[in-house]
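K.L.:
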Amino acid sequence: MAARKLRHYFLAHSIVVRTGQPIKQLLARPEMTGWMLKWSLELAEFEVHYESRKALKAQVLADFVAEMTTPSTPEKNKWTIFVNGSSNPQGSGAGIILKNGKEVLIEVSLGLAFPTTNN
Numbered sequence: 001m002a003a004r005k006l007r008h009y010f011l012a013h014s015i016v017v018r019t020g021q022p023i024k025q026l027l028a029r030p031e032m033t034g035w036m037l038k039w040s041l042e043l044a045e046f047e048v049h050y051e052s053r054k055a056l057k058a059q060v061l062a063d064f065v066a067e068m069t070t071p072s073t074p075e076k077n078k079w080t081i082f083v084n085g086s087s088n089p090q091g092s093g094a095g096i097i098l099k100n101g102k103e104v105l106i107e108v109s110l111g112l113a114f115p116t117t118n119n
């Protein structure tokens, strides 16, 4: 049994067992089977406390969602940029359009004075 191998740790520290099962009630029953009686006697010398497992899953999930949710950006502050470019033996260029919703804020065509590729 693990309690024999870890005896020096169990004697130095108190043990808290969190479980959804009624172990404490089972170990306190007078009509225990042989193996449960033996197990109960071996654990009796240690400071073991039994607690019911707390339902943390829902709270942890709620905290995670609250912490990780970013505030949504209103649609009126959303900007969109469109960029298109081309290159051929005669030259290269780029076109840029910046929109705020449906309104075009900037529309520019640029000729590039340096060598470029279409990649």
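Take 1 as the starting number for the sequence shown in my numbering and just add one per residue.
Ideal placement from N, C-alpha and C gives every residue a C-beta, glycine not left out.
It should be emphasised that the depicted structure is a prediction, and the values quoted were computed from it without experimental measurement.
For GLY114 versus ILE96, is the C-beta spacing smaller than 9 Å?
P.N.:
Looking at the sequence itself, residue 114 is Phe, so the reference to Gly does not match. In this structure, ILE96 does not lie closer than 9 Å to PHE114 by Cβ.
K.L.:
Check whether the Cβ atoms of LEU105 and ALA94 sit closer than 9 Å, and answer yes or no.
P.N.:
Against a cut-off of 9 Å, the Cβ pair of ALA94 and LEU105 comes out as no contact.
K.L.:
Going by C-alpha to C-alpha distance, which of ALA44, THR19 and GLU103 sits closest to SER52?
P.N.:
Nearest option by C-alpha distance: THR19.
K.L.:
For the alpha helix (DSSP H) that HIS13 lies in, which residues bound it at each end?
P.N.:
Per DSSP, HIS13 belongs to no alpha helix (DSSP H) and is neither H nor E.
K.L.:
Where does SER72 fall in DSSP's three states?
P.N.:
In this structure, SER72 counts as coil in the three-state DSSP scheme.
K.L.:
Just to confirm the assignment, what range does the beta strand (DSSP E) spanning ALA94 have?
P.N.:
Its beta strand (DSSP E) spans residues 91-100.
K.L.:
Whose C-alpha, out of ASN100, ARG4, GLY34 and TYR50, is nearest the C-alpha of SER14?
P.N.:
Considering only alpha carbons, the answer is TYR50.
K.L.:
If you follow the beta strand (DSSP E) that LEU110 is part of, which residue opens it and which one closes it?
P.N.:
Start and end: 103-112.
K.L.:
Kindly indicate the opening and closing residues of the beta strand (DSSP E) around GLU51.
P.N.:
First-last of the beta strand (DSSP E) with GLU51: 48-52.
K.L.:
Does the distance from the C-beta atom of SER98 to that of TRP79 stay below 9 Å?
P.N.:
Looking at the sequence itself, residue 98 is Leu, so the reference to Ser does not match. Yes, the pair counts as a contact, with Cβ atoms nearer than the cut-off.
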